[in-house]
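In the numbering used here, the protein residues as written are 503 to 906.
Idealized CB from N, CA, C, for every residue including glycine.
Below: the structure, in structure tokens.
Spelled out as structure tokens, the structure:
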């Protein structure tokens, strides 16, 4: 999943409204694509050449409170509204689990790697402790939380293996084994049943030791052994490097990778930021990922989804410099690969990109379509901490997006 943190504008990406009046009309001209009759933003020229792989949905919507990013994050990552509460919805164990967390429970680890990972950061604009809702396992419990590679907090660079994932040379495998044996002998002296916090700590400790003892699997996080031409194709920016890491993780057995591209909350400086900072990396990273997956014969079995919290308003606001505000009544999403019938536009917004005008797709149906590509129907269930069953999504897949 390519997640555009902040809420990308439909008008400046995939639903340009070139014949609309100023305001709803895109700030940038449209460009032809590899599919006759389909146009996207002219600042996405490489992606335009990949349009035959894309199913562009121009009628996605949800009923979440568009004042709050967390409501849109939760809807797009889970397919469900967040548990009701006041203010910006932050991470909460009362919430439904993300797609990533559902896969953690249904599939578990493979080849020493988790089923789901997110990079290069948490979804938030407000710093540690203010992570927006929908990114974890919610009521499934923390054992099924996806692994978040927070490079922005660790001081690392996407595409490199964090030093904490490697066994120190002065310890070595033999030294680590001796330390584990000593710790195990001490722990056996604890009387009676262990309290829940201690059990949780032991679980986290075991996972950390697994990382150190399966370093070869985690080499997928490093792009140092990639052909320089491949690295250049993805780009040296964070988004491109993360897209390349995502391809490597999928090849290594990770089922679901979320890649963030932040900065889309353009209440001001909308023109400059979309033109100079946001669209060029999106064009390079997204198109390179599709191209690379196709060359490697992986695109048909790998779904690539593109979304954000919501879209942006049909009109520019009065800020100086001006921008577009939050808009959940209609926005664009994209699916490619994974059995998707590319080269199509599904749904249509009205003349000013304010509401769906044809074939509306609720975000729960968008998420259900992702699950469909992964082999799970709406009747699939997961279990919470008390063993109670829950359906994974309340929507229905948009089956005509698929070839079969």
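- In the DSSP assignment, residue 805 falls outside any alpha helix (DSSP H) and lies within the beta strand (DSSP E) extending over 805-810.
- Runs of the beta strand (DSSP E) lying entirely within the segment 839-863 and spanning at least 3 residues, in chain order: 846-848 and 858-860.
- By the CB criterion at 8 angstroms, residue 870 and residue 581 fall inside the cutoff.
- Beta-bridge pairing by DSSP links residue 813 to 829.
- Residue 557: member of the beta strand (DSSP E) spanning 556-563, first to last residue.
- Fully contained in the segment 718-772 are the following beta strand (DSSP E) runs of length 3 or more, in chain order: 758-764.
- Fewer than three Cβ pairs drawn from the segment 637-657 and the segment 786-803 lie within less than 8 angstroms of each other, which leaves the two stretches out of contact.
- Rounded to whole angstroms, the separation of the alpha carbons of residue 769 and residue 804 is 34 angstroms.
- Residue burial is scored here from C-beta neighbours: residue 757 has at least 16 other C-beta atoms within 10 angstroms and is therefore classed as buried.
- Between residue 773 and the set 819, 824, 729 and 731, the nearest pair of CA atoms involves 824.
- Distance between residue 740 and residue 541, taken at the CA atoms: about 27 angstroms.
- At a Cβ-Cβ threshold of 8 angstroms, residue 503 and residue 807 count as neighbours.
- For residue 580, the uninterrupted alpha helix (DSSP H) segment begins and ends at 571-580.
- Taking 4 residues as the shortest admissible run, the segment 614-671 contains the following complete alpha helix (DSSP H) segments, listed from N- to C-terminal end: 653-656.
- One alpha carbon belongs to residue 590, the other to residue 632, and they sit about 9 angstroms apart.
- Between the C-alpha atoms of residue 744 and residue 622 there is a straight-line separation of about 7 angstroms.
- CA-CA distance, residue 634 to residue 597, rounds to 11 angstroms.
- Residue 843 and residue 904 do touch by the CB rule: their CB atoms are close to 6 angstroms apart, below 8 angstroms.
- Residue 836 has 558 and 808 as its beta-bridge partners, per DSSP.
- Going by DSSP, residue 885 is part of the beta strand (DSSP E) stretching over 883-885.
- With fewer than 16 other CB atoms across the displayed protein chains lying within 10 angstroms of its CB, residue 524 is exposed.
- Each residue's CA atom was taken as its position, placing residue 586 and residue 569 some 14 angstroms apart.
- Assignment of residue 894 by DSSP, reduced to helix, strand and coil, places it in the coil class.
- A check of alpha carbon separations from residue 571 across 637, 817, 612 and 518 identifies 637 as the nearest.
- Contact between the segment 601-619 and the segment 872-880 is present: three or more C-beta pairs spanning the two stretches fall below 8 angstroms.
- When the five nearest sequence neighbours on each side are left out, the beta carbons in the same chain lying within less than 7 angstroms of the beta carbon of residue 783 are those of 737, 739, 741, 742 and 763, in order along the chain.
- Selection 760, 771 and 722 evaluated against residue 753 yields 722 as nearest (Cα-Cα).
- About 18 angstroms separates the Cβ atoms of residue 620 and residue 835, ruling out a contact at the 8 angstroms cut-off.
- If you compare the alpha carbons of 661, 780, 802 and 781 with that of residue 732, the shortest gap goes to 661.
- With fewer than 16 other Cβ atoms from the protein chains shown falling within 10 Å of its own Cβ, residue 890 counts as exposed.
- Of the other Cβ atoms in all chains shown, 16 or more fall within 10 Å of the Cβ of residue 867; this residue is therefore buried.
- In the displayed model, residue 798 falls within coil according to three-state DSSP, outside both helix and strand.
- According to DSSP, residue pairing for residue 592 in a beta bridge involves 634.
- If you look at residue 552, you'll find it isn't in any beta strand (DSSP E); DSSP assigns it neither H nor E.
- By the Cβ-count criterion, residue 814 is buried, with 16 or more other Cβ atoms from all chains shown falling within 10 Å of its own Cβ.
- Looking at 778, 854 and 543, the one whose alpha-carbon comes closest to that of residue 532 is 543.
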